[in-house]
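My numbering puts the first residue of the sequence shown at 2, with every later residue one more than the last.
Ideal placement from N, C-alpha and C gives every residue a C-beta, glycine not left out.
Working notes, structure below.
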Amino acid sequence: MKPRMMEIGSFLELDFINTGEYYDQKSDIARLNTGRAAIWHALRVLGGSTVWLPYYQCDTVREFLKSKNVSIKYYHIDCEFNPIDLTPAGDEAVLFVNYFGVMSHDRMRDLVKGYKKVIIDNSQAFFCAPVSGCMNVYSCRKFVGVPDGAYVIGKGAHSYVKDYEKGYSSDTALFLFQRIEYGCEGKAYVNRQSNERRIDTEDIKQMSELTHRILGATDYEKIERKRIENFNTIHSLIGSMNQIDAMKYYRQDCVPMVYPFVVENDGLLDKLQRHKHFQGHWWSYLLEEMKENDFEYWISRYVIPITIDQRYGNKEMNYIGEIICK
2 MKPRMMEIGS FLELDFINTG EYYDQKSDIA RLNTGRAAIW HALRVLGGST VWLPYYQCDT
62 VREFLKSKNV SIKYYHIDCE FNPIDLTPAG DEAVLFVNYF GVMSHDRMRD LVKGYKKVII
122 DNSQAFFCAP VSGCMNVYSC RKFVGVPDGA YVIGKGAHSY VKDYEKGYSS DTALFLFQRI
182 EYGCEGKAYV NRQSNERRID TEDIKQMSEL THRILGATDY EKIERKRIEN FNTIHSLIGS
242 MNQIDAMKYY RQDCVPMVYP FVVENDGLLD KLQRHKHFQG HWWSYLLEEM KENDFEYWIS
302 RYVIPITIDQ RYGNKEMNYI GEIICK
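Structure below.
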């Protein structure tokens, strides 16, 4: 094999200061392209062909698993996000979700007790420490400005990674630059949708070098601090109106993705969107699949995931709180 020739000269590229990834171990980790692919990889490492999924989850996960000929069984959750009718056989895996990132490490550790093959979907809880004995899945782009990216952490997670092609994300990453100059509407939104279409049609791949570089140059301390501050601020403003207990499993180690606000008001989301709070109900497809008295139907209809990420502070939280309180 000929040695790879060096590239010297020509134009300058973006220069990232490598401060290190949040999850930077060399083994028991897989760096992949998407959370749904990471879940399938976790199942592959566990050695299972059947997995139990909660009904309350993004449908892209089940569709990806079906494309890999995985047998899927489903379970319900109750109003405290505990599993109902979950009865896996010894060789069947179970997936648990850390909803909204408001469930502590202890909560997830207690939840998985008694199950043999467990995948914890921490896509909404990037900073939740891995639970020993489980496959822990993380989605990067829900917490960091990257075009894609996911981790699987657990015993033997690095297995099979060399079977996958290297991912490339720069061709559809333009929206990240446009978001800075144009905001999230218009051409930036159009190009983000192009990136989403790429992800939706892409098979499992190794993490792209662009995503890897950005993750290695991210201020994770700031992300943690700002999200916690914003979560606490918005809870102080609207928590008394919330029809779910967002603090039930919340502890000091939680760094939420959003603030889950539930109120039986079908017009509130439209009002927030008119005031340029760009969020939507999650997984509305469940309104067609669930019965009206199912918890999954109720929360899919009414939950509004309030934005609390590191771009914002007290000014924005008070703005959102004022709209809701009116």
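Own chain partners of residue i with C-beta closer than 8 Å, once the 5 adjacent residues on each side are dropped
| i | result |
| --- | --- |
| lysine 74 | Thr51, Val52, Trp53, Leu54, Pro89 and Glu93 |
| lysine 206 | Leu33, Asn34, Ala38, Tyr165, Glu166, Lys167 and Gly168 |
| leucine 273 | Gln280, Ile305, Ile321, Ile324 and Ile325 |
| isoleucine 30 | Tyr24, Tyr152, Val153, Ile154, Ala158 and His159 |
| cysteine 135 | Val113, Val119, Ile120, Ile121 and Gly155 |
| leucine 269 | Ile305 and Ile325 |
| phenylalanine 97 | Pro55, Pro84, Met109, Leu112, Val113, Val119, Ile120, Ile121 and Asp122 |
| alanine 130 | His106 and Asp254 |
| glycine 91 | Lys117 |
Whole-angstrom C-beta distance between residue j and residue i, which should lie under 8 Å
| i | j | result |
| --- | --- | --- |
| asparagine 83 | glutamine 125 | Contact doesn't hold; Cβ gap of about 17 Å is too wide. |
| aspartate 149 | valine 138 | Not really, about 14 Å apart at Cβ, beyond 8 Å. |
| serine 170 | serine 209 | 4 Å |
| glycine 314 | asparagine 231 | 7 Å |
| valine 333 | histidine 106 | The shown model of the chain, from 2 to 327, leaves out residue 333, and the question about it has no answer. |
| phenylalanine 17 | tryptophan 41 | With 8 Å as the limit, phenylalanine 17 and tryptophan 41 do not qualify as a contact, their Cβ atoms being about 29 Å apart. |
| methionine 104 | tyrosine 298 | With a Cβ gap of about 21 Å, methionine 104 and tyrosine 298 do not count as contacting. |
Terminal residues of the beta strand (DSSP E) in which residue i lies
| i | result |
| --- | --- |
| histidine 42 | Taken as a continuous stretch (DSSP letters only), histidine 42 belongs to no beta strand (DSSP E), being part of the alpha helix (DSSP H) at 36-47. |
| lysine 1 | Coverage of the chain is limited to positions 2 through 327, which leaves residue 1 absent and any answer about it impossible. |
| methionine 6 | Element bounds for methionine 6: n/a, residue is neither H nor E. |
| methionine 109 | Premise fails: methionine 109 lies in the alpha helix (DSSP H), 106-112, not in any beta strand (DSSP E). |
| leucine 54 | 51-55 |
Minimum Cβ-Cβ distance from residue i to chain B less than 7 Å
| i | result |
| --- | --- |
| lysine 118 | Considering every chain present, this structure includes no chain B. It has just one protein chain. |
The alpha helix (DSSP H) enclosing residue i, as first and last residue numbers
| i | result |
| --- | --- |
| tyrosine 313 | That residue, tyrosine 313, is in no alpha helix (DSSP H); it is neither H nor E in DSSP. |
| tryptophan 299 | 296-303 |
| valine 191 | 188-202 |
| phenylalanine 176 | 175-183 |
| phenylalanine 232 | 221-239 |
| phenylalanine 65 | 60-68 |
| leucine 273 | 269-275 |
| glutamate 290 | 287-290 |
Residues sharing a beta bridge with residue i, DSSP
| i | result |
| --- | --- |
| glutamine 207 | Leu33 and Lys167 |
| asparagine 137 | Ile121 and Ile154 |
| isoleucine 85 | His77 |
| leucine 96 | Ile120 |
| valine 263 | Val304 |
Other residues of its chain near residue i: CB distance less than 7 Å, five sequence neighbours each side excluded
| i | result |
| --- | --- |
| cysteine 185 | Phe279 |
| leucine 216 | Glu22, Cys141, Val145, Val147 and Gly150 |
| threonine 219 | Val145 |
| threonine 308 | Val259, His278 and Gln280 |
| tyrosine 303 | Val263, Val264 and Glu265 |
| phenylalanine 128 | Glu225 and Val256 |
| aspartate 1 | In this structure the chain extends from 2 to 327, so residue 1 is not present and cannot be described. |
| cysteine 80 | Phe296 |
| isoleucine 200 | Thr35 and Asp149 |
| glutamine 311 | Lys223, Ile224, Lys227 and Arg228 |
| alanine 189 | Phe176, Gln179, Arg180 and Tyr183 |
| asparagine 19 | Gly217 and Ala218 |
Contact set for residue i: own chain, Cβ-Cβ below 6 Å, skip 5 residues either direction
| i | result |
| --- | --- |
| methionine 318 | Asn231, Thr234 and Ile235 |
| histidine 276 | Ile324 |
| valine 1 | As shown, the chain starts at 2 and ends at 327. That puts residue 1 outside it, with no answer to give. |
| leucine 238 | Gly322 |
Stretch-stretch touch, CB-based, cutoff 8 Å, three pairs: the stretch 252-266 with the stretch 285-292: no
The stretch 57-66 / the stretch 174-182 touching (three or more Cβ pairs under 8 Å): no
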